[in-house]
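Undergrad: Encoded as structure tokens, here's the structure I'll be asking about.
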Amino acid sequence: MSGICGLFKLDGKTPEHGQIETMTLPLQRRGPDGTHSFSDGPVALGHTLLATTPEALHETLPLTDPASGCGITADARLDNRDELITALGLTAETRIIGDGELILRAYLHWNEACLEHLLGDFAFAIWDPRSQQFFAARDQMGMRQLIYTYAPGKLFAFATEPEAILALQGVPKQINEARIADYLDDLEAADYTSTFYESLFRLPPAHCLSVDANGLNIRCYWTIHPVPELKLDSDEAYAAAFLQVFTEAVRSRLRCNGPVGSMLSGGMDSGSVVAVASRLLKADGRAPLQTFSAVGPDSESCIETRTIHQSLTMPDLEPHLINHAELEPWADDLLSLLEEESEPFDGHMTLLRAAYLSAHRAGIKVVLDGVAGDTTLSAGTLIPRLIRRGHWLQAWRELKGLQHFWGADHKLLPLWFLGDLRRAITPNWLRHIRHHAQRKLYRLRPTYGPLINTNFARKTQLSKRHEAFQNLFHSGWQHPTVERAKSMTHIYLTVGRERYDRVSAALAIEPRDPFMDLRVLNFCLSLPSSQLQHDGWPKVILRRAMNGLLPDSVRWRCGKQHLGWTFTQKLMQARPYLAQAENKALRKELISTIALQKREEGIHNSVQNINLYYLELWLQARL
């Protein structure tokens with residue numbers, strides 16, 4: 048992931064000398080392979096290169112088109128290069144065409160409709176001197192970030208990270224207290240646009256913007272739509288069809304000018320990525336796939352650790368294991384990365400930081416993962432739907448299967464069934480009545496989490512943000528494909544991907560997720576629910592597709608276990624002073640009396656207390 052930035056003086060003045068260079072400085076850790084800039088009248092563009100594709104080595108961004116004068120800076124990896132080259136009438140044989148140039152050529156050919164023709168991960172900005180307009184966009188799934196500020200008649204500026212924009216003189220640096228309230232009250236997914244600064248905003252996924260002297264316009268250019276259900280003759284045929292699409296998605300993400308790495312958590316999603324990627328690399332005669340896994344010291348008591356070791360029996364892998372019992376040598380580096388985080392929300396990503404740090408030390412720039420597997424292959428509210436259709440026996444079988452998969456107490460099964468029954472028989476009109484009643488009750492008697500000061504909650508109108516947050520999840524009965532489409536583009540997935548972006552960028556690593564490929568999403572959206580869950584087994588089509596590729600002990604593993612919190616705790620134990628940081632920057636008006644009392648009593652190893660530390664650390668660097 049390269050870093051991009053730019054500014055547009057809306058009063059027509061020329062940017063001051065060194066302004067764009069000032070913006071590129073905070074982005075150099077993201078793009079250590081070269082820094083370049085471009086200026087034209089009231090506009091300046093910047094780029095810091097992370098060369099992760101063969102074409103990137105031969106492309107200098109920003110670049111301009113001599114005929115039109117249009118200039119582009121881009122952070123992009125396109126997966127349909129051959130199609131674009133053919134459609135645009137370019138001759139790839141004569142020279143190497145970079146992804147940035149392809150986007151610019153697409154814009155010159157189709158104007159803003161070029162977005163309909165781009166497949167891949169991207170964020171870009173184009174200056175068009177013909178219309179004196181900026182045009183910028185972010186990919187459909189939000190794999191690349193774009194932050195901006197806008198002062199009408201004065202300045203429009205954008206960048207991959209907020210620090211690049213804040214480096215400009217005159218950009219307000221006032222902390223967004225509403226976002227602090229979000230953090231303290233577990234509302235990371237409150238919206239798609241806010242940041243921790245009042246003057247900065249996130250461009251949502253699948254959105255583009257245009258700005259000129261007359262104003263700023265933002266629009267959504269893509270929405271995932273339900274597709275006709277795919278009808279094949281057998282489970283085997285479905286599995287083969289999925290494997291074909293998934294393999295192509297993995298192949299697209301192996302386009303890299305160096306060795307490739309992959310996260311390996313021991314689950315189905317990352318395991319499937321590793322199984323397919325390792326075979327593709329071997330077939331192409333490339334270096335073995337390097338895997339990065341967070342494990343515990345005892346595989347017998349930790350199912351995650353045990354399954355990782357089982358996954359590593361697959362051939363053609365070069366494994367790297369990070370043991371939380373041996374975190375001491377990593378602690379200082381992990382702390383240094385933590386101190387540089389862009390958002391307090393990223394604090395708990397100790398496990399991920401450790402894995403990326405291991406990859407960085409191994410010289411890896413591209414790391415595959417399978418984060419989106421849970422949403423891409425979700426069956427949604429399958430059991431309530433079966434009950435609504437009168438398929439009681441099948442619903443009971445699915446519920447018992449889920450109980451087996453998750454290892455739940457059998458005594459809870461009747462309660463689960465009653466809960467699904469209630470959801471099944473509740474009509475939409477009653478759902479809406481109950482939702483509105485809950486909203487009114489919350490307005491009268493709002494309740495907040497254990498960290499937040501009630502007065503601060505009122506000051507930031509936190510109750511309204513809670514209400515907006517709840518509205519994101521409230522919906523009546525919808526067609527299954529509509530429900531699944533919404534889950535594939537859910538805000539939790541967006542904020543998760545943004546966190547991965549920020550954490551990996553600190554180590555100049557580009558994460559790539561085949562489950563976020565639009566071809567995979569559309570294929571999974573066409574599947575009947577029986578291919579997504581059967582007899583309680585989630586992602587059943589993936590389990591079938593991995594037959595012979597992934598060890599059966601991994602394919603048919605029950606339950607889930609995540610070591611993320613364990614890694615955070617171990618870091619705190621390795622550096623005990625972390626959780627006992629003084630309240631140097633933390634303003635007491637933000638925090639509840641109870642939370643502060645717990646600190647004074649020495650209750651340091653709680654999630655809440657660690658959250659306070661992360662907030663303090665972030666505020667200290669900015670106040």
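Letter by letter, the sequence shown follows residues 48 to 670 in our numbering.
Each residue gets a CB set at the ideal place from its N, CA and C atoms; glycine is no exception.
#1: Let me check one thing: in DSSP terms, what residues is M310 bridge-paired to?
#2: How long is the line joining the alpha carbons of A668 and P366, rounded to whole angstroms?
#3: Straight-line CA distance for W603 to T354?
#4: Mapping the DSSP letters down to three states, classify E636 as helix, strand or coil.
#5: Take S319 and list the residues in its own chain whose beta-carbon comes closer than 7 Å to its own, dropping the five residues that flank it on each side.
#6: With DSSP run on the structure shown, which of helix, strand or coil describes E629?
#7: Taking the beta strand (DSSP E) that C52 falls in, what are its first and last residues?
#8: Could you check the C-alpha separation between E375 and I556 for me, to the nearest Å?
#9: For N500, count the other beta carbons within 10 Å of its own beta carbon; 16 or more makes it buried, fewer makes it exposed. Which is it?
#10: Among the candidates P109, W174 and E351, whose CA atom is the shortest distance from the CA of C605?
#11: Can you check whether the CB of C303 is closer than 8 Å to the CB of T207?
#12: Apply the 10 Å Cβ neighbour rule to R266 and answer buried if 16 or more other Cβ atoms are within range, or exposed otherwise.
#13: Counting pairs of Cβ atoms below 8 Å between the region 84-101 and the region 233-241, do you hit three or more?
#14: Looking at A401: is its Cβ nearer than 8 Å to the Cβ of W377?
#15: Taking E210 as the reference, give the member of T541, G427, P585 and I67 with the closest Cα.
#16: How is V321 classed by DSSP in three states: helix, strand or coil?
#17: Are the beta-carbon atoms belonging to T133 and F171 less than 8 Å from one another?
#18: Provide the residue span of the alpha helix (DSSP H) that contains Q667, from first to last.
#19: Could you tell me the alpha carbon to alpha carbon distance between D421 and M190, rounded to whole angstroms?
#20: How would you label G59, buried or exposed, when you count the other beta carbons within 10 angstroms and need 16 or more for buried?
#21: May I ask you to report which of helix, strand or coil DSSP gives T255?
#22: Give the list of continuous beta strand (DSSP E) stretches no shorter than 3 residues that lie fully inside the region 496-566.
#23: Taking the straight line between their C-alpha atoms, what separation do you get for M315 and D259?
#24: Alpha carbon to alpha carbon, how far is A39 from D282?
#25: Under DSSP, the beta strand (DSSP E) around Q180 begins and ends at which residues?
#26: Which partner residues of R249 appear in the DSSP bridge assignment?
#27: According to the Cβ coordinates, are E245 and P219 closer than 8 Å?
#28: Is the number of C-beta pairs between the region 578-589 and the region 64-80 that are closer than 8 Å three or more?
#29: In this structure, how does DSSP classify L263 when only helix, strand and coil are distinguished?
#30: Is the Cβ-Cβ distance between H105 and R185 less than 8 Å?
#31: Mind checking which residues open and close the alpha helix (DSSP H) that includes F293?
#32: Considering only C-alpha positions, which residue in the set L57, D126, F243 and E388 is nearest to L664?
#33: Identify, in the order they occur along the chain, each residue of the same chain with its Cβ nearer than 8 Å to the Cβ of H83, setting aside the five sequence neighbours on each side.
TA: Taking the definition as stated:
#1: BP columns for M310 point to F339.
#2: Between the alpha carbons of A668 and P366 lies a distance of about 36 Å.
#3: Cα to Cα, W603 sits roughly 11 Å from T354.
#4: If DSSP states are grouped into helix, strand and coil, E636 belongs with coil.
#5: The beta carbon of S319 is closer than 7 Å to those of G417, L589, M593 and L597 in its chain, skipping five residues each way along the sequence.
#6: With a pLDDT of only 49 at E629, under the threshold of 50, the placement of this residue in the model should not be trusted, and no figure is reported.
#7: Its beta strand (DSSP E) spans residues G50 to K56.
#8: Straight through space, the alpha carbons of I556 and E375 are spaced by roughly 23 Å.
#9: N500 is buried by the Cβ-count criterion.
#10: Residue E351 is the option with its Cα nearest to C605.
#11: Cβ distance not < 8 Å, so T207 and C303 don't count as in contact.
#12: Answer is exposed; the Cβ neighbour count stays below 16.
#13: By the Cβ rule, the region 84-101 does not count as touching the region 233-241, because fewer than three pairs are nearer than 8 Å.
#14: The answer is yes: Cβ separation under 8 Å.
#15: Taking only the C-alpha atoms, the option nearest E210 is I67.
#16: Three-state result, V321: helix.
#17: No. Outside cutoff.
#18: Membership of Q667 in the alpha helix (DSSP H) is indicated by the continuous run V654 to Q667.
#19: Each residue's Cα considered, the two are about 17 Å apart.
#20: Counting Cβ neighbours within 10 Å, G59 comes out exposed, since fewer than 16 surround it.
#21: A quick correction: the sequence has Cys, not Thr, at residue 255. Correct three-state label for C255: strand.
#22: Entirely contained in the region 496-566, the beta strand (DSSP E) runs reaching 3 residues are, in chain order, 557-559.
#23: In this model, M315 and D259 are separated by some 48 Å (Cα to Cα).
#24: No answer is possible for residue 39: it lies beyond the span of the chain, which begins at 48 and ends at 670.
#25: Q180 to R185 is the span of the beta strand (DSSP E), which, as asked, contains Q180.
#26: Bridge partners of R249: I194.
#27: E245 is a Cβ neighbour of P219, given a cutoff of 8 Å.
#28: Touching, no.
#29: Note: L263 maps to strand in three-state DSSP.
#30: Contact flag unset, no.
#31: Unbroken alpha helix (DSSP H) run through F293: D282 to S299.
#32: The residue among L57, D126, F243 and E388 with its C-alpha nearest the C-alpha of L664 is E388.
#33: Once the five neighbours on either side are set aside, the close Cβ partners of H83 are G93, H94, L96, T107, L108 and P109.
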